[in-house]
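Under the UniProt record's numbering, the first residue of the sequence shown carries the number 1, and numbering increases by one thereafter.
Backbone N, C-alpha and C fix where the C-beta goes; we use that ideal spot for every residue, glycine too.
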Amino acid sequence: MALSLSSTTAITCSKLHENSSLEFNTSNTYRRSPNAVSVKCASTEPPAGGAGSAGRKSKLEIGSPIIVVEAPRMIKTAASVPCLRVNSGLVKPGDVGRIVSRKPKDVWAVRLSIGTYLIDGKYFKPLELELDS
């Protein structure tokens, strides 16, 4: 005879998203696994824009023009064998480029006039182009 205990606890979490909830399912079975926990995070509202990104980052996509607002301390080339080095004035605030690809954790491959570099999203913003009619 196997003894099985199961409990479910729901916690409302406002730090992740509005109207989000975390659900903890714990199940203790005498013979199988003594401690098993699964976490489920669900939102009751639809994602904004479908991509889940918010604010200024929602405008970024491949081919978008960007402007560097702060020079990164370290820069990494976007070559097949990347090279990480100290930014000795190569990438400066005000430099303009285009997004080539998206990498994990808000890192973007940006083609500048001096080459293609991997730059964190906090160092640049989308360039607003004004078209004259």
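Item to check | Alpha-carbon to alpha-carbon, L131 and R73 | outcome: Here residue 73 refers to the residue found at position 73 of the sequence shown. Here residue 131 refers to the residue found at position 131 of the sequence shown. Roughly 34 Å between the two C-alpha positions.
Next on the checklist: Measuring alpha carbon to alpha carbon, tell me which residue in K122, I114 and A109 is nearest E61.
Outcome noted: Residue numbering aside, residue 61 sits at position 61 when the sequence shown is read from its first letter. Among K122, I114 and A109, the Cα nearest to that of E61 is on A109.
Next on the checklist: Cutting at 8 Å between CB atoms, please list the residues of its own chain near K125, excluding the five before and the five after it.
Outcome noted: Sequence index remark: in the sequence shown, residue 125 carries index 125 (1-based). Within the same chain, and ignoring the five residues on either side of K125 in sequence, the residues whose Cβ sits closer than 8 Å to its Cβ are R56, I66, I67 and V69.
Item to check | Close Cβ partners of G76 (< 6 Å) along its chain, the five nearest in sequence each way excluded | outcome: By one-based count along the sequence shown, residue 76 stands at place 76. Residue 76 is actually Lys in this sequence, not Gly. These residues qualify, in order along the chain: P82, L84 and L118.
Checklist entry - Leaving out the 5 sequence neighbours to the left and right, which residues in its chain are closer than 7 Å to Y123 when beta-carbon positions are compared? => result In the sequence shown, residue 123 corresponds to position 123, counting from 1. So the list reads V68, V69, E70 and P72, once near-sequence residues are dropped.
Checklist entry - Is R111 near G97, with beta carbons less than 8 Å apart? => result In the sequence shown, residue 111 corresponds to position 111, counting from 1. In the sequence shown, residue 97 corresponds to position 97, counting from 1. Yes.
Next on the checklist: Would V107 and D120 be called neighbours here (beta carbons separated by less than 8 Å)?
Outcome noted: Along the sequence shown, one-based indexing puts residue 107 at 107. Along the sequence shown, one-based indexing puts residue 120 at 120. It is a contact, given that the beta carbons lie within the stated cut-off.
Checklist entry - Which of the three DSSP states, helix, strand or coil, is assigned to K76? => result Within the sequence shown, numbered from 1, the residue matching residue 76 stands at position 76. It is a strand residue.
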